[in-house]
Each structure stands twice: as structure tokens, then as C-alpha cells.
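Numbering-wise (the working numbering), the sequence shown opens with residue 118 and increments by one.
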Amino acid sequence: MTLRFGIRFALGAVTAAAMLSAWPMVGIAQDVTLRIHHFLPAPAPVPKNFITPWAEKVTKEAGGKLKVEVYPSMQLGGRPPALIDQARDGVVDIIWTLTGYTPGRFPRTEVFELPFIAASAEATSQAAWEFYEKYLKKEFESVHVIAVHVHGPGLLHVKGNGVQKLEDLKGLKLRGPTRQATALLAALGATPVGMPVPAMPEALSKGVIDGTVIPWEVTTPLKVAQLVQSHTNFTGSRGLYTSFFVFAMNKAKYDALPADIKKVIDANSGMSASKWVGRVMDEGDAPGIVAAQAAGNKMITLDVTETARWKAAAAPIAEAWVKEMTAKDQPAAAMLQDAKALIIKYAGAE
Numbered sequence: 118m119t120l121r122f123g124i125r126f127a128l129g130a131v132t133a134a135a136m137l138s139a140w141p142m143v144g145i146a147q148d149v150t151l152r153i154h155h156f157l158p159a160p161a162p163v164p165k166n167f168i169t170p171w172a173e174k175v176t177k178e179a180g181g182k183l184k185v186e187v188y189p190s191m192q193l194g195g196r197p198p199a200l201i202d203q204a205r206d207g208v209v210d211i212i213w214t215l216t217g218y219t220p221g222r223f224p225r226t227e228v229f230e231l232p233f234i235a236a237s238a239e240a241t242s243q244a245a246w247e248f249y250e251k252y253l254k255k256e257f258e259s260v261h262v263i264a265v266h267v268h269g270p271g272l273l274h275v276k277g278n279g280v281q282k283l284e285d286l287k288g289l290k291l292r293g294p295t296r297q298a299t300a301l302l303a304a305l306g307a308t309p310v311g312m313p314v315p316a317m318p319e320a321l322s323k324g325v326i327d328g329t330v331i332p333w334e335v336t337t338p339l340k341v342a343q344l345v346q347s348h349t350n351f352t353g354s355r356g357l358y359t360s361f362f363v364f365a366m367n368k369a370k371y372d373a374l375p376a377d378i379k380k381v382i383d384a385n386s387g388m389s390a391s392k393w394v395g396r397v398m399d400e401g402d403a404p405g406i407v408a409a410q411a412a413g414n415k416m417i418t419l420d421v422t423e424t425a426r427w428k429a430a431a432a433p434i435a436e437a438w439v440k441e442m443t444a445k446d447q448p449a450a451a452m453l454q455d456a457k458a459l460i461i462k463y464a465g466a467e
């Protein structure tokens, strides 16, 4: 080999290597790691039976090209209301949170939080996804939504003899999770105290609050049955209230995913994922009921007549929401009508 040929060969090899490194490797995905952040302990029903299995499912379907890390109980820092901004800003890749933790930011989702609207979590979560596709995409345009859902029918968990009629609420300090829930408690005669659910057990144990509204599902990991003595539910298939949740991803992270991994995420998003997590919420109610019974707590179900009294007292909440949203040029009446119709579509009439 001559010196001139050797130099030309070496330069050619360097050029070829540079071109190959710059050329997109079509069909070959780079390894991707996604971090999921949420506010509940890992053993709670949604983390245990939806978030972790979802992470395992997409990892498997990505054929080893994807790694998903799950961080429960706000392990990556911040408080629960910060989660949606953590996803928007790319502090983490995926979050699971309540929209009600950031009041006024997702006003259209509140239609599902109005009193005696929601049915089972599985049915109402399917309705919520269909509603999202029609009404909510603009509200969530700063993130990539994987699923939306609600929890099962909300009820009262109270210290002492409990709530057996509407008048028993007077003077009680009750924790509410969202703007609509606290408005409802006030309309019913209680003193509402807003706080994220992780703060609730300490508030109960220290007497800061007399009780709380939550679904059965979260009472087990938070040991609520050991902190109260009574639980009040209602006749019929519609709960006192529910909360709206979102499982969402940083938009830039999603957009940058290789095509094959993006396809896996898409296949585990939307209606099927929303239905799945709704079903997990419903199934999570049973252990909470068993724990309350084992603790010897009073289990109260208000009869048809008393339930009707509560519905009448709560009716102004929906009316006020429609009026408020209409004043902001939102199609509130149509949204409420559609939400009710979609819940009937998936749950049947009350």
C-alpha cells in the first residue's frame, strides 16, 4: 500500500463513519427510560394494580428497548399539586394525579365531580374518556394524555356516631379533595377543609378534621377505618361525588419517542387504559369495606327518602357550575347533558 493510498483510505473510512453516525438508524430504536411519579403509597390499588402493571406491560411489549421506573409517594420531590407541572416541564416523564389539585386549571373536568353524577368508576371512566375526546383536549394540550378516569362512588367517613341524616353534617369539619367537593360539603351544612389525600390521616388523628369524603378504595392504604368509626353511603347507583384523574406524559418526551416505542404507548392508552384503571378503582373498594367491618365500624346506607333530601340540597352546586362556566363562554349546559348521557351509555340509568 502506497502512502498516498493509505491516507486516502483512512480519510474515506473516517468520512464513512461520520456519515453512518449522522444517518438515522431506521427500524432500530434507541433505549428509552421513562420515570412515573405519583402521590400514593405503592401498595394502594391504582399504583399496585394499574400503574406498575401498565409499566411492566409496555416494557414487555417494547421488547427490551424501554425501561419504566415508578416513584410513589412523591419520592422525586414536590407536593401532589405540582405533579401536572412536573409532567409539563419535563421534570418527570409521566404523572398520575387529580385535576382538582390545581383548582381552576381544568374547569371542564369538574362536570364529572358534580354531586350524584358519577356511577361506577369503570363505567364513568369510559364516559370520561369519550368526554375528553370531545371537550378536554385543549385543556390538556400542554401534556400527552394516556388515560383519564374517576374513582368509585364517594362517601362519608366520620368519627363518632356518624351521619345518619342531613342535619348531622352541621358543625362537622370534613376534608374535601377538590373545589366542587368542598362546595358540596358547604352546601350540605358541613365545614369543608381542602387538602390532598396524603395529608388526611394525620389531620384525622390530630382532630384537625372530623371526617372525610373519599371512595372506599383509598381507605385501606391510608388506614382510615382505624381513624373513624362510621361510614355513610347512599341508595342508588350514583355516588355523592367523584374526582377526575389524569395519567399523562411530557409532550416533548412522547413526541421524541422512536416510532416502535410510541406505538406501544399508544396501544396502551385511551379508552382501554381508562377503562382498566376505572375497573381497578372499583375492585379496590372491596378491601376498604372489609377493613371497616373488621374494625367494627358503623356502616350506614341512607334510604331513598333521605338520599333524595341530599340530592335536593346538592342541586344548586350543579346549577352554580353551569352559571359560572356559561359566564366564561363555556358550553356548560351541553357539557353537563353530554356527561350525564355518556354515563348512562356505559352504566345504564340510575
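Ideal Cβ placement from N, Cα and C applies to all residues, glycine included. All figures in this text were calculated on a predicted structure; none of them were measured in a lab.
If the criterion is Cβ atoms closer than 9 Å, does the pair M366 and I382 meet it? In the sequence shown, the residue the question calls residue 366 occupies position 249. In the sequence shown, the residue the question calls residue 382 occupies position 265. M366 places its beta carbon less than 9 Å from that of I382.
Tell me the rounded alpha-carbon separation between I434 and L301. Position 317 of the sequence shown, counted from the first residue, corresponds to residue 434. Position 184 of the sequence shown, counted from the first residue, corresponds to residue 301. Straight-line Cα distance between these residues: approximately 6 Å.
Out of curiosity, what's the CA-to-CA distance linking E247 and V260? For the purposes of this step, residue 247 is taken as residue 130 along the sequence shown, with counting starting at 1. For the purposes of this step, residue 260 is taken as residue 143 along the sequence shown, with counting starting at 1. Rounded to the nearest angstrom, the two C-alpha atoms are 18 Å apart.
When we look at the beta-carbon of V228 and count the other beta-carbons within 10 Å, is it buried (16 or more) or exposed? Working through the sequence shown from its first residue, we reach residue 228 at position 111. Classification of V228: buried, given that the 10 Å Cβ count is 16 or more.
Helix, strand or coil: how does DSSP classify R152 here? Position 35 of the sequence shown, counting from 1, holds the residue named residue 152. Reduced to three states, the DSSP call for R152 is strand.
Let's test the definition: count the other Cβ atoms within 10 Å of the Cβ of A245 and tell me whether it reaches 16, buried, or not, exposed. Counting from one through the sequence shown, the residue named residue 245 turns up at place 128. Label assigned to A245: buried.
Alpha carbon to alpha carbon, how far is R355 from A464? Give it in angstroms, no decimals. Start at 1 with the first residue of the sequence shown, and residue 464 comes out as number 347. Start at 1 with the first residue of the sequence shown, and residue 355 comes out as number 238. Near 10 Å, if we compare the C-alpha coordinates of R355 and A464.
V335 vs V325 beta-carbon contact at 9 Å: As a working mapping, residue 335 is identified with position 218 in the sequence shown. As a working mapping, residue 325 is identified with position 208 in the sequence shown. No. Outside cutoff.
What are the complete beta strand (DSSP E) segments, minimum 3 residues, inside the segment 158-237? You should have 183-188 and 211-215.
Coil, strand or helix - T418 by DSSP: What you label residue 418 is simply residue 301 of the sequence shown in a count that begins at 1. Strand at T418.
For A429, count neighbouring C-beta atoms within 10 Å of its own C-beta (all shown protein chains included) and say buried if the count is 16 or more, exposed if not. The sequence position of residue 429 within the sequence shown is 312, counting from 1. Result: exposed.
Grab me the residues of P197's own chain with a C-beta within less than 6 Å of its C-beta, minus the 5 sequence neighbours each way, in chain order. To locate residue 197, count along the sequence shown from 1; it is residue 80. For P197, the CB contacts under 6 Å within the same chain, skipping 5 residues up- and downstream, are F156, Y218 and P313 in chain order.
Considering just the uninterrupted stretch of the beta strand (DSSP E) at V267, what are its terminal residues? Within the sequence shown, residue 267 is the residue found at index 150, counting from 1. V267 -> beta strand (DSSP E) spans V260 to V267.
How many angstroms separate the CA atom of Y249 from the CA atom of A466? One-based indexing of the sequence shown puts residue 249 at position 132. One-based indexing of the sequence shown puts residue 466 at position 349. Rounded to whole angstroms, Y249 to A466 spans 21 Å at the Cα level.
Would A172 pass as a contact of I201 if the rule is Cβ separation under 9 Å? Here the question's residue 172 lines up with position 55 in the sequence shown. Here the question's residue 201 lines up with position 84 in the sequence shown. No, they are not a contact pair.
Rounded to the nearest angstrom, what separates S360 and V163 at their Cα positions? Translated into positions along the sequence shown, residue 360 becomes position 243. Translated into positions along the sequence shown, residue 163 becomes position 46. C-alpha of S360 to C-alpha of V163: approximately 14 Å in a straight line.
Roughly how many angstroms lie between the CA atoms of A431 and A342, to the nearest whole one? Here the question's residue 431 lines up with position 314 in the sequence shown. Here the question's residue 342 lines up with position 225 in the sequence shown. In a straight line, the C-alpha of A431 is about 26 Å away from that of A342.
Measuring straight from C-alpha to C-alpha, what distance separates I145 and A376? If you number the sequence shown from 1, residue 145 lands on position 28. If you number the sequence shown from 1, residue 376 lands on position 259. Bear in mind that a pLDDT of 41 at I145, under 50, signals an unreliable position, so the model cannot answer this.
Return the bridge partner residues of G363 from the DSSP annotation. One-based indexing of the sequence shown puts residue 363 at position 246. Sequence inspection shows Val at residue 363; the Gly mentioned does not correspond to that position. Looking at the DSSP assignment, V363 forms a beta bridge with T214 and V265.
Within this structure, are the beta carbons of H348 and V407 separated by less than 9 Å? Position 231 of the sequence shown, counted from the start, is the residue given in the question as residue 348. Position 290 of the sequence shown, counted from the start, is the residue given in the question as residue 407. No.
Looking at the unbroken beta strand (DSSP E) that takes in L289, where does it start and where does it end? Reading the sequence shown from its first residue, position 172 is the one you call residue 289. Counting along the chain, L289 falls outside any beta strand (DSSP E), and DSSP gives it neither H nor E.
So, R225 versus Q447, is the Cβ gap smaller than 9 Å? Here the question's residue 225 lines up with position 108 in the sequence shown. Here the question's residue 447 lines up with position 330 in the sequence shown. Yes. Within cutoff.
Taking DSSP as the reference, what is the three-state secondary structure of T443? Residue numbering aside, residue 443 sits at position 326 when the sequence shown is read from its first letter. Residue state, collapsed to three classes: helix.
DSSP-derived helix/strand/coil call for P404: Locating residue 404 in the sequence shown gives position 287, counting from the first residue. P404 falls in the helix class under three-state DSSP.
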